[in-house]
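**Q**
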Amino acid sequence: MAKPKRLGYWLYLVPGGLLFLLVIGAPLVGTIYLSLTKWSGVGDPTFIGFDNYTRLFQDEVFWTSFKNTVAMIVAMVVVPTLAGLVLAAVLFDVIGRRFKPRTVNALRAAFYLPQVLPVVVAGIVWGWILRPDGAFNGLLDAIGLGALRHDWLGDPDTALPAVMGVMIWVQIGYPVVVFMAALQRVDPELYEAAEVDGANWWHRFRAITLAQIRPETFVVALTCTIAALKVFGPVFALTRGGPENATNVPSYFAYYTFFKKLQVGYGSAISTVLTLIIIVVAVVFIWAQYRSERQDREV
Amino acid sequence: MAVTLDRRHRGASRWVVLALVTLGALVMLVPFAFMLLNAFKSPGDYSSAGPLSWPSEFYLKGLTTYWNEVNFPLKLWNSAVIAGSVAVLGVVVSLLNAYALGIGRVRGRLWIVGLFLLANMLPQEALIYPLYYVAKEVGLYNTRLVVIIIFTVIQSAFGTYLLASVMSTFPRSLLEAAALDGAGKWTVLWRVVFPNLRPTLAVLLVFFFIWTWNEFLIPLVMLIDNSTQTIPVALASLQGDRLMDAPTTNAGALISLVPAVLFFLIFQRTLSRGITAGAEK
């Protein structure tokens, strides 16, 4: 009796499972296979073993692109999460309790707005703002700092910090909104009790806010880290990885290798390495979260 | 005494805090202000008076140039067809998958859910070339259909993960009561499970729609001409074009972000509920 029942449920996985194999499983295997070949996309791929990988590890552009990924993690994970924690706590605990809800909602919406746009549109607007004749230099002129005028995205020294700035602007609303939602399930009496006990804002922030929203902090850090490892659209719109690879990232490097240089095997090797890194990061994160939850339970 | 002093002190500091956060919020909005200011400024005005000046006339030609050049209504339609189909199909596929995993509790479900979650995290570069090659071989290249199929699967990978965990807490008593009434699995899914999960499914629908609307890499690779491209791809492919002077760029960006902002306003409540739901998983 139990057997046909289970079998019955398997049927519901058939359409999703087939689609999954077709669109994700098979192409992923295909990419891994292609990473062991030399191929321009026309004719038959030539099997060359691990040559693409040995070439990759000697390729300066590859190392630069991963160095830039670290910068992206700073701009898309570290800064937004820290700033988001403080902003969410301030909006919730200080402004939320002493001003009208409408004030809080308006401020939150302002921080969240960049998250709503197609990220490429944001990239194109910022690309124009940071142009030599763009609004940022205009602003510098207007406040008497015209001496600092610069081709922000055109100079290898300033391009990466400029892209990082844009990414902070894009990302910051996400942690703010998630953390504010998380704070809503914290018992307000906790704060009141702490206040009565004479705890100042910083004490309350550390003892209550941070402790209570740790699960959300994990989720935000994980999703933002994965997004930082995969970032493509903003780099495409702002700099195309330039100048001189100063803002190149693995996913743009792979795209360029596939479709502009027509080196499919090499592009596949880049993609495969990126995939492995993402899987490792995700597994480490989930393991760390699991461990910290278990420790909590033991305490 | 100490208490009243503290009160007064806090009374002043809360205004300082409010001022600082408001300043931060205004800084966030500055790029939008720049864009609005320059979307309606003539190129001559822009080059003589610069990006910060107030437009000397209300110049609409940037907007109309962009609108006509990219055939904006068609782009809007393409984006809507793709994002709308993906939202509906993605929710249906997620629901079916999650029914087997969360309620059917088929063997090895943890591994299967883990696989779906991992699939959602994969970089699209790891799939794009084989997808591109096969799409060309089977004649689906440069069609909206291929983008719809791909994103249905990618989004439902996340949806399956989320719904499977929601369904694993579904009250068994409801399922058993329906089974006692002689309802089969298909009937239980649509008569019992579906109505109960409607709020979560609505959130998922909105998420899928907006995520797909904003997607870039796969549409960029797959959609190469005016008749199939989406709004973000159309804007990006004109970047650097002679046509795109500062007013046209800003006008193009402005009308490209209007639909996204509208969705946000319309779905704001569903979304903020959904972000919480997602974060608790």
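Here the protein sequences come in this chain order: A and B.
Its first residue numbered 1, the first sequence is counted upward by one per residue in the UniProt record's numbering.
Its first residue numbered 1, the second sequence is counted upward by one per residue in the UniProt record's numbering.
The C-beta atom is built at its ideal place from N, Cα and C for all residues, glycine as well.
What you are looking at is a predicted structure, and each value in this text was computed from that prediction instead of being measured.
(1) Excluding sequence positions up to five away, which residues of its chain have a Cβ less than 8 angstroms from the Cβ of Phe285 of chain A?
(2) Just checking, does the stretch 256-266 of chain A make contact with the stretch 32-42 of chain A on the three C-beta pairs under 8 angstroms criterion?
(3) Quick check on the DSSP output: what are the complete alpha helix (DSSP H) runs of length 4 or more inside the stretch 124-168 of chain B, in order along the chain?
(4) Say whether chain B places a C-beta atom closer than 8 angstroms to the C-beta of Gln289 of chain A.
(5) Going by CA-CA distance only, name the one from B:Gly108, B:Phe158, B:Thr64, B:Arg107 that's closest to Ala251 of chain B.
(6) Please confirm if Met1 of chain B has its CB atom under 8 angstroms from at least one CB of chain A.
(7) In chain A, which residues lie less than 8 angstroms from Trp213 of chain B when you measure between Cβ atoms?
(8) With a threshold of 8 angstroms, are at least 3 pairs of Cβ atoms found where one atom belongs to the stretch 157-166 of chain B and the other to the stretch 92-100 of chain B?
(9) Could you list which residues in chain B have their beta carbon closer than 9 angstroms to that of Phe99 of chain A, in chain order?
(10) Taking the continuous alpha helix (DSSP H) assigned at Met244 of chain B, which residues delimit it?
(11) Assign Lys100 of chain A to one of two classes, buried (16 or more other C-beta atoms within 10 Å of its C-beta) or exposed (fewer than that).
(12) Taking only beta carbons into account, state which residues of the stretch 176-203 of chain B come closer than 7 angstroms to chain A, listed in chain order.
(13) Could you check whether Lys185 of chain B and Tyr9 of chain A sit closer than 8 angstroms to each other, using their CB atoms as the reference points?
(14) Compare the C-alpha of Tyr256 of chain A against each of A:Arg240, A:Thr247, A:Val77 and name the closest.
(15) Could you say if the stretch 206-222 of chain B and the stretch 76-88 of chain B meet the contact criterion of at least three C-beta pairs nearer than 8 angstroms?
(16) Would Ile124 of chain A count as contacting chain B if we go by Cβ distances under 8 angstroms?
(17) Should Lys281 of chain B be labelled buried (16 or more other beta-carbon atoms within 10 Å of its own) or exposed?
(18) Applying a beta-carbon distance threshold of less than 8 angstroms, which residues of chain A neighbour Tyr161 of chain B?
(19) With a floor of 4 residues, list each alpha helix (DSSP H) that falls wholly inside the stretch 62-135 of chain A, ordered by position along the chain.
(20) If you check the beta carbons only, do Phe247 of chain A and Val121 of chain A fall under 8 angstroms apart?
(21) Using the DSSP secondary-structure output, state which residues sit across from Lys38 of chain A in a beta bridge.
(22) Could you give the uninterrupted runs of the alpha helix (DSSP H) lying entirely in the stretch 182-233 of chain A, keeping only those of 4 residues or more?
(23) Report the option in B:Leu180, B:Leu220, B:Thr152 whose CA atom is closest to the CA atom of Gly90 of chain B.
(24) Please identify, using Cβ separations under 7 angstroms, the residues of the stretch 70-101 of chain B that lie next to chain A, in order along the chain.
(25) Check each residue of the stretch 25-37 of chain A: if its Cβ is closer than 8 angstroms to any Cβ of chain B, include it; give the result in chain order.
**A** In terms of the structure at hand:
(1) Phe218, Ala221, Leu222, Thr225
(2) yes
(3) 125-137, 144-167
(4) no
(5) B:Thr64
(6) At Met1 of chain B, the pLDDT of 39 sits below 50, so the modelled position is not reliable and the matter cannot be decided from this model.
(7) Pro118
(8) With the cut-off at 8 angstroms, the stretch 157-166 of chain B and the stretch 92-100 of chain B touch.
(9) Arg14, Leu18
(10) Met244 of chain B -> no alpha helix (DSSP H), and no H or E assigned at all.
(11) exposed
(12) Lys185
(13) yes
(14) A:Arg240
(15) yes
(16) yes
(17) Summary for Lys281 of chain B: the model assigns pLDDT 37, below 50, so the residue's position carries little reliability, and this model does not support an answer.
(18) None at all; the shortest Cβ gap to chain A is about 12 angstroms.
(19) 79-89, 101-116, 119-129
(20) With the sequence shown as reference, residue 247 of chain A is identified as Thr, and Phe is not the correct amino acid for it. No, these two residues do not count as a Cβ contact at 8 angstroms.
(21) A:Thr46
(22) For the stretch 182-233 of chain A, whole alpha helix (DSSP H) runs of length 4 or above, ordered along the chain, are 188-196, 201-204, 214-230.
(23) B:Thr152
(24) Val93, Leu96, Asn97, Tyr99, Ala100
(25) If the cut-off is 8 angstroms between Cβ atoms, the stretch 25-37 of chain A has Ala26, Pro27, Leu28, Gly30, Thr31, Leu34 near chain B.
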